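Residue numbers (the UniProt record's numbering): 1 to 443.
Quick notes on the structure that follows.
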Amino acid sequence: MILLRITANRWGFLRGAFDVGCRLASTSEGVLKRTPLYEFHRDQGGKMVEFAGWSMPVQYKDSHISSHLHTRQHCSIFDVSHMLQTKVHGKDGVKFMESMVVADIAELKDNQGTLSLFTNEKGGIIDDLIVTKTDLGYLYVVSNAGCADKDSAHMQKDLWRIGEINGGGDKTLGQLGLYFCISLYIKLNRMVFVTLQAKMSEFKASGHDADLEFLDYALIALQGPASARVLQAGMSDDLTKLTFMTSRISKVFGIPECRVTRCGYTGEDGVEISVPAKHAVQLAESLLKDNAVKMAGLGARDSLRLEAGLCLYGNDIDENTTPVEASLVWTIGKRRRTTLDFPGASVVVPQIKGKTTRKRVGLLSEGPPVRQHTPILSHEGRVIGEVTSGCPSPCLKQNVAMGYVETEFSKVGTPVKVEVRKKVVDAVVSKMPFVPTRYYTGK
1 MILLRITANR
11 WGFLRGAFDV
21 GCRLASTSEG
31 VLKRTPLYEF
41 HRDQGGKMVE
51 FAGWSMPVQY
61 KDSHISSHLH
71 TRQHCSIFDV
81 SHMLQTKVHG
91 KDGVKFMESM
101 VVADIAELKD
111 NQGTLSLFTN
121 EKGGIIDDLI
131 VTKTDLGYLY
141 VVSNAGCADK
151 DSAHMQKDLW
161 RIGEINGGGD
171 KTLGQLGLYF
181 CISLYIKLNR
191 MVFVTLQAKM
201 SEFKASGHDA
211 DLEFLDYALI
221 ALQGPASARV
231 LQAGMSDDLT
241 KLTFMTSRIS
251 KVFGIPECRV
261 TRCGYTGEDG
271 VEISVPAKHA
281 VQLAESLLKD
291 NAVKMAGLGA
301 RDSLRLEAGL
311 CLYGNDIDEN
321 TTPVEASLVW
331 TIGKRRRTTL
341 DFPGASVVVP
351 QIKGKTTRKR
361 VGLLSEGPPV
371 RQHTPILSHE
381 GRVIGEVTSG
391 CPSPCLKQNV
401 AMGYVETEFS
411 KVGTPVKVEV
421 RKKVVDAVVS
431 KMPFVPTRYY
441 TGK
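Shown next as structure tokens:
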């Protein structure tokens, strides 16, 4: 387990912890990081590709389409161990998280989680993440591996704000450490530490209670309608009581200290299982003993999430996109809209009742597949937006896409055109998700 505890008055330990972080986060040019399941993927016939600095399976022996449909009909295992898993300890942990994200973390019930967004001062989305308020006194945070290319200059600009948000004057080392460490592990590949000590030395410890613990755990997603039945065979806890976006610690197929969270990135019922890295292969093998379970890779994961209308960071949301433009207003807590105490609130909140110049929408089209950066045109041929993600839908047998259009064209049913391979084809603005989601709510 990688344990980095950040508290005021522990500068010596802090410096050493960051030295460890540097060694763990950096890789030589061309060398990809590997999850605990890397060799297992290869043994299973996984075709490995680069993804966000990691070597990950894009597919296995089955085709991408077969894997996609198997997940919708049965269930599949996805290795998502490239995601950062963090525990935020201390009585000020909620306050610290809320200084960086748009969600109302304080209102969460024990063992309930929520999707949230890191935002910058302009209201742009730095990253998306899931925060769970556990009944064990800490927050469990899973954040994105897709932000590795962000530079440290922007991050350190935001660090100064964290200290200012709760009283100006002295900047809080605890707050600074929290935001820096989360950002450090989100931006695993290209962090620059040259100015770290200089920045840190300018801050005074102020006694805030916040610690971080970075977990050396694998993360395995089991997704599909058969997932609960398959997993229940290896758990004594009743999964009918574990509803969407709730979480618990449990023994899974004899492996202790696993965190099981009912969530996923496919639109299907499913779970993400945080498991000690040394037991990751054991867990995967146990799940695969059920004939309903197959391995699935990045290809199927991408088409599944697109059918479910879910965003991919770097494609559909980024630092130049606000939550309102991205149709993610629901992630912003009602209290936070009043307190205006998250980064970029002065930009984002007025947009909720006002009007943005563009909006994320779904698109359906015929003909050749619509891909990222495809221009979206009005019927008169004027460019009104751009596709951010697109693929042929294995379930609908039709092209699906999402992208941004001028707000006046965002109403569902609006006919538009897309330019594919220099040919203009008809498309229509569609509701998302394209395929109905089947999250388990207990009803």
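No residue lacks a Cβ here, since even glycine has one placed at the ideal position from N, Cα and C.
Everything numeric in this text was worked out from a predicted model, so none of it was measured.
Looking only at its own chain, which residues have a Cβ that is under 6 Å from the Cβ of GLY367, when we skip the five neighbours before and after it?
The beta carbon of GLY367 sits closer than 6 Å to those of VAL425, all from its chain and outside the five residues before and after it, given in chain order.
Given ARG336, which residues of its chain have a CB within under 8 Å of its CB, disregarding the five upstream and five downstream residues?
The beta carbon of ARG336 sits closer than 8 Å to the beta carbons of GLU98, VAL102, ALA103, ASP104, PHE342 and ALA345 from its chain, once the five residues preceding and following it are set aside; these are given in chain order.
Between the alpha carbons of LYS87 and GLY93, how many angstroms are there, rounded?
Using only the alpha carbons, I get a separation of about 10 Å.
What are the complete beta strand (DSSP E) segments, minimum 3 residues, inside the segment 241 to 271?
Listed in chain order, they are 247 to 252 and 255 to 261.
Would LYS355 and THR407 qualify as a contact pair, given that the criterion is a beta-carbon distance under 8 Å?
Yes, they are a contact pair.
Is it true that the segment 106 to 121 meets the segment 225 to 235, where meeting means three or more beta-carbon pairs spaced less than 8 Å apart?
Three or more beta-carbon pairs separated by less than 8 Å are not found between the segment 106 to 121 and the segment 225 to 235, which leaves the two stretches without contact.
Where in the segment 345 to 383 do unbroken runs of the beta strand (DSSP E), each at least 3 residues long, occur, reported from the N-terminal end onward?
Listed in chain order, the complete beta strand (DSSP E) runs (minimum 3 residues) inside the segment 345 to 383 are 358 to 365 and 375 to 377.
Simplified DSSP assignment, three categories, for GLN223
The answer is strand: DSSP assigns GLN223 an E or B state.
Between CYS263, ALA300 and LYS122, which lies nearest to THR243 when the distance is taken from Cα to Cα?
Taking only the C-alpha atoms, the option nearest THR243 is CYS263.
According to DSSP, is SER430 part of a helix, a strand, or is it coil?
SER430 falls in the strand class under three-state DSSP.
If we require 4 or more residues per run, which alpha helix (DSSP H) segments fall completely within the segment 382 to 414?
Scanning the segment 382 to 414 from its first residue to its last, no whole alpha helix (DSSP H) run of 4-plus residues comes out.
Taking GLY442 and MET402 to be in contact with their CB atoms under 8 Å, please state how far apart those CB atoms are, rounded to whole angstroms.
Approximately 29 Å separates the beta-carbon atoms of GLY442 and MET402; this is outside 8 Å, ruling out the contact.
Proximity winner among LEU364, VAL435, ILE384 and GLU380, relative to residue 459 (alpha-carbon distances)
No information on residue 459 is available, as it lies outside the stretch 1 to 443 that the chain covers here.
Identify the continuous alpha helix (DSSP H) that holds ALA93 and give its terminal residues.
Correcting the residue identity first, residue 93 is Gly in this sequence and not Ala. Its alpha helix (DSSP H) spans residues 93 to 98.
Does the distance from the CB of LEU136 to the CB of ILE125 come in under 8 Å?
With contacts defined by Cβ atoms closer than 8 Å, LEU136 and ILE125 do not form a contacting pair.
Which two residues bound the contiguous alpha helix (DSSP H) that contains GLY113?
Where GLY113 is concerned, there is no enclosing alpha helix (DSSP H), although the beta strand (DSSP E) it sits in stretches over 112 to 119.
Since LEU219 and VAL80 should fall inside the 8 Å C-beta cutoff, what is the C-beta to C-beta distance between them, to a whole number of angstroms?
Between LEU219 and VAL80, the beta carbon gap of about 5 Å places them in contact (Cβ cut-off 8 Å).
First through last residue of the beta strand (DSSP E) which encompasses VAL88:
For VAL88, the uninterrupted beta strand (DSSP E) segment begins and ends at 84 to 89.
Taking MET83 and VAL142 to be in contact with their CB atoms under 8 Å, please state how far apart those CB atoms are, rounded to whole angstroms.
So it is a contact: roughly 5 Å between Cβ atoms.
What I want to know is whether the C-beta of GLY385 ends up closer than 7 Å to one or more non-hydrogen atoms of the ligand HEM.
This structure does not include the ligand HEM; it has no bound ligands of any sort.
From TYR138 to CYS391, what distance separates their C-alpha atoms?
Straight-line measurement puts the Cα of CYS391 at about 39 Å from the Cα of TYR138.
If we count the other Cβ atoms within 10 Å of its Cβ and call it buried at 16 or more, is ARG421 buried or exposed?
Counting Cβ neighbours within 10 Å, ARG421 comes out exposed, since fewer than 16 surround it.
Three-state secondary structure assigned by DSSP to ALA296
It is coil, neither helix nor strand.
Given 8 Å, three or more beta-carbon pairs between the segment 241 to 260 and the segment 62 to 69:
No, they do not touch.
Please report the residue range of the alpha helix (DSSP H) in which THR71 lies.
Run containing THR71: 64 to 73, per the alpha helix (DSSP H) assignment.
Would you tell me roughly how many angstroms separate the C-alpha atoms of MET388 and ARG248, rounded to the nearest one?
Before going on, a small fix: residue 388 reads as Thr here, not Met. Distance between the alpha carbons of THR388 and ARG248: 35 Å.
Close beta carbons around THR374, own chain, < 8 Å, minus the five adjacent residues each side:
Around THR374, the same chain offers GLU386, VAL387, GLY390, ALA401, GLY403, VAL418, GLU419 and VAL420 as residues with beta carbons nearer than 8 Å, after the five sequence neighbours per side are excluded.
Taking only the alpha-carbon atoms, compute the straight-line gap between THR35 and ALA210 and give it to the nearest angstrom.
So the alpha carbons of these two residues sit roughly 28 Å apart.
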